[in-house]
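Report on the following structure.
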Amino acid sequence: MGKGSSGGDSPFKQLLMGGQVLFVAFGALVLVPLLTGLNANVAFFTAGVGTLIFQLITRGQVPVFLASSFAFIAPITYSVQSWGVAATMGGLVAAGFLYVVLSTLVRFKGSGILYRFFPPVVIGPVLMVIGLELAPTAVGMATSGIDPTGNFIGIADEQALLLAGISLFATLLVATVAKGLLKLLSILCGIATGYLSAMIMGVIDYTPLVNSAWLIMPAFTFPQWNVNAMLYMIPVAIAPAIEHIGDMLAISSATGKKYLEKPGLKNTLLGDGLATSAAGLLGGPPNTTYSEVTGAIILTKAFNPRIMTWAAIFAIVVAFVGKIGGFLATIPAPVMGGIMMLLFGSIAVVGLNTLIKAQVDFGKPRNLVIVSIVLVFGIGDLVITFGGYTLKGVSLCAVTAVLLNLLLPHEDKENRFNATEA
Numbered sequence: 054m055g056k057g058s059s060g061g062d063s064p065f066k067q068l069l070m071g072g073q074v075l076f077v078a079f080g081a082l083v084l085v086p087l088l089t090g091l092n093a094n095v096a097f098f099t100a101g102v103g104t105l106i107f108q109l110i111t112r113g114q115v116p117v118f119l120a121s122s123f124a125f126i127a128p129i130t131y132s133v134q135s136w137g138v139a140a141t142m143g144g145l146v147a148a149g150f151l152y153v154v155l156s157t158l159v160r161f162k163g164s165g166i167l168y169r170f171f172p173p174v175v176i177g178p179v180l181m182v183i184g185l186e187l188a189p190t191a192v193g194m195a196t197s198g199i200d201p202t203g204n205f206i207g208i209a210d211e212q213a214l215l216l217a218g219i220s221l222f223a224t225l226l227v228a229t230v231a232k233g234l235l236k237l238l239s240i241l242c243g244i245a246t247g248y249l250s251a252m253i254m255g256v257i258d259y260t261p262l263v264n265s266a267w268l269i270m271p272a273f274t275f276p277q278w279n280v281n282a283m284l285y286m287i288p289v290a291i292a293p294a295i296e297h298i299g300d301m302l303a304i305s306s307a308t309g310k311k312y313l314e315k316p317g318l319k320n321t322l323l324g325d326g327l328a329t330s331a332a333g334l335l336g337g338p339p340n341t342t343y344s345e346v347t348g349a350i351i352l353t354k355a356f357n358p359r360i361m362t363w364a365a366i367f368a369i370v371v372a373f374v375g376k377i378g379g380f381l382a383t384i385p386a387p388v389m390g391g392i393m394m395l396l397f398g399s400i401a402v403v404g405l406n407t408l409i410k411a412q413v414d415f416g417k418p419r420n421l422v423i424v425s426i427v428l429v430f431g432i433g434d435l436v437i438t439f440g441g442y443t444l445k446g447v448s449l450c451a452v453t454a455v456l457l458n459l460l461l462p463h464e465d466k467e468n469r470f471n472a473t474e475a
C-alpha cells in the first residue's frame with residue numbers, strides 16, 4: 054500500500070488521469086441535479102470549485118474528488134417543492150455550516166465526540182429513511198409517462214416500464230458481473246443503455262439539445278434565507294458527515310497514510326462543509342467525498358492529489374459547455390426512474406449494514422425504540438410544526454434519533470465506540 058500514482062507523475066499523465074476521474078464520477082455527479090431539477094452545468098462547476106476548496110483546506114494532501122451527495126436527493130426534492138430553489142440553496146448553505154460546527158467539535162474534543170452523538174443506532178435508521186423516503190417517486194417515474202413535475206412526456210406507461218426495466222437491468226448487470234474500472238461505471242452504463250433503448254423506441258425529445266448553445270454561462274441561482282428550509286436541511290448533513298469518515302478511512306487504508314491524523318478529520322470535515330456551502334451559494338447540489346471516485350482511486354492507484362486538481366479543472370470547463378446540459382435534459386424520466394429504484398434501495402441497505410456491522414443489539418429496548426420510532430416517523434411522513442416552523446422527513450428523523458440517543462439511558466456501553474474502532 055501507499056504506492057501508485059505519486060508526485061513524480063508527468064503533468065500530461067496527471068491530466069489524463071484527472072479526465073478519467075471525472076468520467077468515473079460523471080454518472081453519479083449528474084444524477085442528483087437530474088433527479089432534483091437543479092442545473093447540471095452548475096453541478097459540474099460547483100463540484101470543481103468544491104474540490105479545489107477542499108484541497109486548499111487540506112493543503113492538497115488527500116486524493117478525493119467532491120461532488121453531489123445522494124443523501125440530499127429526497128430533502129432537496131421536498132424543499133424545492135415546498136420553498137423553491139433559492140430557499141433550498143439557503144438551506145444547503147446552512148447544512149454546510151453544520152460540517153463546520155462538527156469540525157470545530159473534533160478540533161477541540163477529538164473525533165470520538167462524533168460517535169458519542171451519532172453512533173450507528175442513530176445513523177443507520179436515518180440512512181434507511183433517506184433511501185426509502187422517495188421510493189414512491191422512483192416507482193412513479195419508472196411506471197408512468199409522467200415526470201416528477203406532473204407533465205406528460207410522450208411515453209406510454211408500457212414503454213416507461215420497459216425503459217425503466219432495461220436501465221435497471223443494465224445497471225444491475227454491470228454492478229454485479231463487471232470487473233475493474235467498468236464496475237464503477239454501473240450508473241453511467243445503465244443510463245446509456247436506457248437512452249439507446251429510448252432512441253430505438255423513438256421517444257426522445259431532442260428539443261433541449263437542439264436549442265442549447267455550445268458555450269454558456271451556467272445558470273447560477275443565489276440563495277434566499279428561509280428559516281423553515283434551513284431548519285429542514287441542517288440535520289440532513291449528519292449522515293453524509295459521518296459517511297465522510299468512512300471515505301477517509303478507505304483512502305487512508307489504500308494509500309497507507311493516516312489522513313484522519315494529517316491533515317486531520319477536523320480539516321477534511323471543514324473542507325467538505327465549505328464546499329457544500331459554496332455549492333449552495335451558486336445553486337449547485339451539496340458536495341461531499343464521493344464513493345465512486347474513492348473506489349476508482351483505490352483501483353487505479355491514482356493517489357496523487359494533483360490528479361484531483363485536474364479533475365476539478367475539467368469539471369469547471371465542462372460547466373460552460375451548454376450542449377452537455379442540453380443532452381442531459383433529453384434523458385427520459387423512466388430511464389432515471391429505473392436507476393432511482395436501485396439507488397434508493399442501496400442507500401437504505403447502507404443504513405441497514407451500518408446497524409449490522411456495529412452489531413446493534415435489538416434485544417436492548419433503547420436500540421429497538423430508537424430505530425422503530427425513526428423508521429415510522431420517516432416512512433409515515435410525520436410532520437411536526439412549532440411556532441411557524443416545520444420539521445419532517447429526514448430532518449425530523451435525524452433530530453429524533455439524536456435526542457432519543459442522548460436521553461434514553463444506556464444499560465451498558467453498547468454502540469459507544471471511538472474513532473479507532475470505526
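Per this note's numbering, the sequence shown starts with residue 54, numbered consecutively. Here a beta-carbon is modelled for each residue, glycine too, at the ideal position from N, C-alpha and C. These numbers come from a predicted model, not from an experiment.
With fewer than 16 other Cβ atoms from the protein chains shown falling within 10 Å of its own Cβ, T438 counts as exposed. Cβ-Cβ distances below 8 Å link V436 to T443, L444, K445, L449 in the same chain, with the five nearest sequence neighbours on each side left out; the list follows chain order. For T341, the enclosing beta strand (DSSP E) covers residues 340-342. Contact between P128 and M286 holds: their C-beta atoms lie close to 6 Å from each other, under 8 Å.
Every unbroken stretch of the alpha helix (DSSP H) spanning 4 or more residues and falling wholly within the region 404-446 is given here in chain order: 418-432. Buried is the label assigned to G80, since at least 16 other Cβ atoms lie within 10 Å of its Cβ.
Taking a C-beta distance under 7 Å as the contact criterion, P338 and F98 do not qualify as a contact pair.
As summarised for the region 319-391, the continuous alpha helix (DSSP H) elements at least 4 residues long and confined to that stretch are 344-353, 358-371, 375-381, given in chain order. L119 is bridged by DSSP to T342. The residue from A368, S122, I106, L241 with its alpha-carbon nearest to that of T89 is S122. Taking C-alpha positions only, M252 is separated from L158 by approximately 52 Å. Inclusion of S330 and V146 in the CB contact set at 7 Å is warranted, their separation being smaller than that value. Non-local C-beta neighbours of P293 in its own chain, meaning closer than 7 Å and more than five positions away in sequence, comprise S122, A124, T341, ordered along the chain. In the structure shown, L180 adopts helical secondary structure according to DSSP, grouped into three states.
Taking C-beta atoms as the reference points, V422 and A454 fail to come closer than 7 Å.
Within the region 250-280, the alpha helix (DSSP H) runs of at least 4 residues that lie entirely inside it are, in chain order, 260-264. In the DSSP annotation of this structure, the continuous segment of the alpha helix (DSSP H) that includes K162 starts and ends at 138-162. If you draw a straight line from the Cα of L395 to the Cα of F222, it comes to about 10 Å. If you draw a straight line from the Cα of G71 to the Cα of N458, it is about 42 Å long. Judged by pairs of C-beta atoms under 8 Å, the region 98-107 touches the region 361-371, as three or more such pairs exist. Judged by DSSP secondary structure, G80 falls within the alpha helix (DSSP H) whose first and last residues are 64-89. For R169, the enclosing alpha helix (DSSP H) begins and ends at 165-170. Residues A191, M194, A195, A217 of the same chain have their beta carbon placed closer than 7 Å to that of G390, with the five preceding and five following residues left out of the count. With at least 16 other beta carbons inside 10 angstroms of its own, A96 counts as buried. Contact between L87 and L381 holds, with the beta-carbon distance rounding to 6 Å and staying under 8 Å.
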